[in-house]
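Heads up, the sequence shown is in the numbering used here, so the first residue is 19 and it goes up one at a time.
Yeah, the Cβ is synthetic: ideal placement off N, Cα and C, and Gly gets one too.
A short worksheet on the structure shown next.
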Amino acid sequence: MAVEVLGLRIGAKLRKRAAALSYGMTAVVSLILGGVYLFKQSFMPYHADVIGKSWNVVEAANQVLISALMTVAGGGWFTVGVVLVLLLVFPFRNDRKWVLYAIPMTILLFYLPNLWATLTVLQTTPANPPWQGNVFACLSAIIGFGLYHKPLEERS
19 MAVEVLGLRI GAKLRKRAAA LSYGMTAVVS LILGGVYLFK QSFMPYHADV IGKSWNVVEA
79 ANQVLISALM TVAGGGWFTV GVVLVLLLVF PFRNDRKWVL YAIPMTILLF YLPNLWATLT
139 VLQTTPANPP WQGNVFACLS AIIGFGLYHK PLEERS
């Protein structure tokens, strides 16, 4: 079934590819961010801005705590990236209807709390955290779903 967008008729195959690209970009970014946060030996520059200290003057116990929190965050990003890749490669490719809902929900369930957290830091501290990436991820979920979704059939 073709859909008209800006005067162009776009078929389901192209919409599916565009949705996969949208979701896939979020998966790749999630994997990269996960790797950065998992292997970073200090906090990020905006973290220093929040507390007004550089990493080398943070107390050792606080360094351990911050490193642990960064590892948890990195693990979350990496996990979301892997889950998205697996969902795209197997059920999405095979047109399983449930995955058309599972992918955007996975993205939104992870990235909406991240967006909230980064906006809180932005509004309450002098730091400028990278909130835009969270907006991009949330938009990729909405755009991907809008491009390619099929209503689930009701069961009798």
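Are there 16 or more other CB atoms within 10 angstroms of the CB of residue i, so buried, or fewer, so exposed?
i, result
"SER174", "Note that SER174 has pLDDT 45, beneath the 50 cutoff, so the model's placement of it is unreliable and the number below is only indicative. It is exposed - the Cβ of SER174 has fewer than 16 other Cβ atoms within 10 Å."
"PRO122", "buried"
"PRO147", "buried"
"ASN80", "exposed"
"GLY29", "exposed"
"PHE108", "exposed"
"VAL75", "exposed"
Express the C-alpha separation of residue j and residue i in angstroms, rounding to a whole number.
i, j, result
"ILE50", "GLY99", "9 angstroms"
"ILE125", "VAL54", "19 angstroms"
"PHE154", "GLY162", "12 angstroms"
"VAL82", "PRO131", "23 angstroms"
"THR44", "LYS34", "16 angstroms"
"PHE57", "GLY92", "8 angstroms"
"CYS156", "ILE69", "28 angstroms"
"GLY164", "ASN112", "19 angstroms"
"PRO63", "LEU32", "40 angstroms"
"ALA86", "GLN59", "11 angstroms"
"GLY94", "HIS65", "18 angstroms"
Less than 7 angstroms between C-beta atoms, sequence neighbours within five positions excluded: which residues of the same chain meet that for residue i?
i, result
"PHE61", "TRP73, ILE84 and MET88"
"LEU137", "TRP149"
"VAL101", "THR124"
"GLY42", "LEU106"
"VAL103", "ALA45"
Determine, using beta carbons only, whether residue i and residue j come nearer to each other than 8 angstroms.
i, j, result
"TYR166", "ALA78", "no"
Give me the Cβ distance between residue i and residue j, rounded to the nearest whole Å; I'm assuming they're in contact under 8 angstroms.
i, j, result
"ASN152", "LEU133", "4 angstroms"
"VAL117", "PHE110", "5 angstroms"
"SER158", "SER40", "5 angstroms"
Verify the CB distance criterion: does residue i have a CB-CB separation below 8 angstroms to chain D?
i, result
"THR44", "You won't find chain D in this structure, because it holds only one protein chain."
Cutting at 8 angstroms between CB atoms, please list the residues of its own chain near residue i, excluding the five before and the five after it.
i, result
"ASP67", "THR143, PRO144, ALA145 and ASN146"
"VAL90", "none"
"THR97", "GLY52"
Who are the near neighbours of residue i in its chain, counting only those whose CB is closer than 6 angstroms to its CB and skipping five residues on each side?
i, result
"TYR119", "none"
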